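Just so you know, the sequence shown maps onto residues 81 to 373 in the working numbering. These notes are about the structure you will find just below.
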Amino acid sequence: MKRILATVLLVLAAVLPASAEEAVLPYKNLNLLADVQFSGGKERVVLILHGSLSHNRMKTVADLQKLLAAKGFSTLAPNLSLGIDRRQGAFDCAAEHRHRHTDALDELGAWMDWLGKQGVKDVALLGFSRGGDQAAWFAAEKGHALLKRLVLVGPMTWTWESAVKPLDARQKMMIVESLKRAKGAVAAGRPETLFKDLRFLHCDKARVAADTLVSYYDPAETRRDTPGLLATLKLPFLVVAASQDQILPDLLPRLKAMPEARDRLAVVEGADHFFNDIFAEEAVDAIAAFLKK
81 MKRILATVLL VLAAVLPASA EEAVLPYKNL NLLADVQFSG GKERVVLILH GSLSHNRMKT
141 VADLQKLLAA KGFSTLAPNL SLGIDRRQGA FDCAAEHRHR HTDALDELGA WMDWLGKQGV
201 KDVALLGFSR GGDQAAWFAA EKGHALLKRL VLVGPMTWTW ESAVKPLDAR QKMMIVESLK
261 RAKGAVAAGR PETLFKDLRF LHCDKARVAA DTLVSYYDPA ETRRDTPGLL ATLKLPFLVV
321 AASQDQILPD LLPRLKAMPE ARDRLAVVEG ADHFFNDIFA EEAVDAIAAF LKK
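Okay, structure coming up:
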């Protein structure tokens, strides 16, 4: 056990910026956690949001935070609670899914308020993957007095067809039937109704609440598709896309075809969806140039 703990601490030390501190924010009946580093002072901060069921110390986010700090940018990297108090690390697929895609919007607002209380005057919101869609949705429909710029790194695209493509025939049938029943449960005021043994996101045999299933899979909700939100944005934004993104292969072609995105697009050649290693440096070079304008 001691050896395992030592290994975990070494891993965290490798990905967490040396001077970052953990912030705790009471929120509803939960406590939200974030890594904050005021390396560039407290007036301007980059708020970095992670991807699907992940966390603020996933390699992509940790690399972005560390590299931005090295360029003199203060950063805040929160963990979405996903309905769990003091959530750390990746979401455990064995746990019940009682969270919604849109919960992120309210939690982002709570962290914006927290930053304001720290004396921050200017926030650039950076979202990765699913966090990119949540960041764009927040900027488009909620916004905040502190929010000045938006950066979307490999932001999520979504269609019903792409969502169910990884499923086999049985898994797809279960999602279709469960989604229909889940909508009925939500309409009847029973959002907590639990559906079992579903392939949900990347979790097998998941236990999923009705409103959770509807939030992540309802075909009628188009705002989970980030490109569709770009035309509604009223603040400066940059989209950073990977040329070899096999997880979201439609993202780059769609962005190149969109007049509102073409001039706000930075392509990292050779990078995959996670912008590992040198590709993170190239992404941050583009982000830093945008933020310094």
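Built from N, CA and C at the ideal position, the CB exists for glycine as well. Just so you know, these numbers come straight off a predicted model, no measurement behind them.
**Message:** For Arg279 and Asp172, what's the separation of their Cα atoms in angstroms?
**Reply:** Cα atoms of Arg279 and Asp172: separation of roughly 14 Å, rounded to the nearest angstrom.
**Burial state of Met236, where buried means 16 or more other Cβ atoms lie within 10 Å** = Buried, because 16 or more other Cβ atoms sit within 10 Å of the Cβ of Met236.
**Request:** Would you check if the distance between the CB atom of Gln198 and the CB atom of Lys151 is smaller than 8 Å?
**Result:** Cβ distance not < 8 Å, so Gln198 and Lys151 don't count as in contact.
**Message:** Classify Phe128: buried if its beta carbon has 16 or more other beta carbons within 10 angstroms, exposed otherwise.
**Reply:** It should be pointed out that residue 128 corresponds to Ile in this sequence rather than to Phe. The C-beta of Ile128 has 16 or more other C-beta atoms within 10 Å across all chains shown, which makes the residue buried.
**Message:** Is the separation between the beta-carbon of Ala322 and that of Phe355 shorter than 8 Å?
**Reply:** Result yes, Cβ atoms of Ala322 and Phe355 sit closer than 8 Å.
**Asked** According to DSSP, is Val294 helix, strand or coil?
**Response** Reduced to three states, the DSSP call for Val294 is helix.
**Message:** Would Ser209 and Gly234 be called neighbours here (beta carbons separated by less than 8 Å)?
**Reply:** Cβ atoms of Ser209 and Gly234: closer than 8 Å.
**Request:** Decide yes or no for the touch test of the stretch 100 to 118 against the stretch 156 to 170: beta carbon pairs closer than 8 Å, at least 3 of them.
**Result:** Yes: at least three Cβ pairs fall under 8 Å.
**Request:** Whole angstroms is fine: what's the gap from Arg166's alpha carbon to Ser258's?
**Result:** For Arg166 and Ser258, the distance between alpha carbons rounds to 30 Å.
**Item:** For Asp186, the first and last residue of its enclosing beta strand (DSSP E)
**Value:** In the DSSP assignment, Asp186 falls outside any beta strand (DSSP E) and within the unbroken alpha helix (DSSP H) covering Asp183 to Lys197.
**Prompt:** For Val91, which three-state DSSP category applies?
**Reply:** Because Val91 carries a pLDDT of 40, less than 50, the predicted location of this residue cannot be relied on, and no value is offered for it.
**Message:** Can you tell me which residues form a DSSP beta bridge with Ala289?
**Reply:** DSSP, once it has assigned bridges, lists Leu274 as partnering Ala289.
**Inter-stretch contact (C-beta, 8 Å, three-pair minimum) for the stretch 340 to 353 and the stretch 247 to 265** = By the C-beta criterion, the stretch 340 to 353 is judged not to be in contact with the stretch 247 to 265, since fewer than 3 inter-stretch pairs fall below 8 Å.
**Request:** Measure the alpha-carbon distance for Ala366 versus Phe359 and round it to whole angstroms.
**Result:** So the two alpha carbons sit approximately 11 Å from each other.
**Asked** Tell me the DSSP bridge mates of Leu281?
**Response** According to DSSP, Leu281 bridges with nothing at all.
**Request:** Taking only the alpha-carbon atoms, compute the straight-line gap between Glu301 and Val203 and give it to the nearest angstrom.
**Result:** Distance from the CA atom of Glu301 to the CA atom of Val203, rounded to whole angstroms, is 28 Å.
**Message:** Using a Cβ-Cβ cutoff of less than 6 Å, which residues in the same chain neighbour Ala265 once the five nearest sequence positions on both sides are dropped?
**Reply:** The beta carbon of Ala265 is closer than 6 Å to those of Thr273 and Ala290 in its chain, skipping five residues each way along the sequence.
**Asked** In angstroms, rounded to a whole number, what distance separates the CA positions of Arg250 and Ala243?
**Response** Between the alpha carbons of Arg250 and Ala243 lies a gap of roughly 15 Å.
**Asked** Closest by CA to Ala175, which one among Val231, Val104, Lys276 and His135?
**Response** Checked all of Val231, Val104, Lys276 and His135; the closest Cα to Ala175 is Lys276.
**Request:** To the nearest angstrom, report how far apart Lys252 and Ala262 are at their CA atoms.
**Result:** The C-alpha of Ala262 is placed about 15 Å away from the C-alpha of Lys252.
**Asked** Between which two residues does the alpha helix (DSSP H) containing Gln145 stretch?
**Response** The continuous alpha helix (DSSP H) containing Gln145 extends over residues Lys139 to Ala150.
**Request:** Taking the CB atoms as reference points, tell me whether Gln214 and Ala184 lie closer together than 8 Å.
**Result:** The answer is yes: Cβ separation under 8 Å.
**Message:** I'd like the span of the alpha helix (DSSP H) that includes Pro339, first residue to last.
**Reply:** Annotation: the continuous alpha helix (DSSP H) that includes Pro339 extends over Pro339 to Arg342.
**Request:** Go ahead and pull the three-state DSSP assignment for Ser258.
**Result:** Here Ser258 carries a helix assignment [DSSP, helix/strand/coil].
**Boundaries (first-last residue) of the beta strand (DSSP E) holding Pro158** = Residues Ser154 to Pro158.
**Asked** With 16 other CB atoms within 10 Å as the buried threshold, where does Asn136 fall?
**Response** Answer is buried; the Cβ neighbour count reaches 16.
**Item:** According to DSSP, residues forming a beta bridge with Phe218
**Value:** In the DSSP assignment, no residue is bridged to Phe218.
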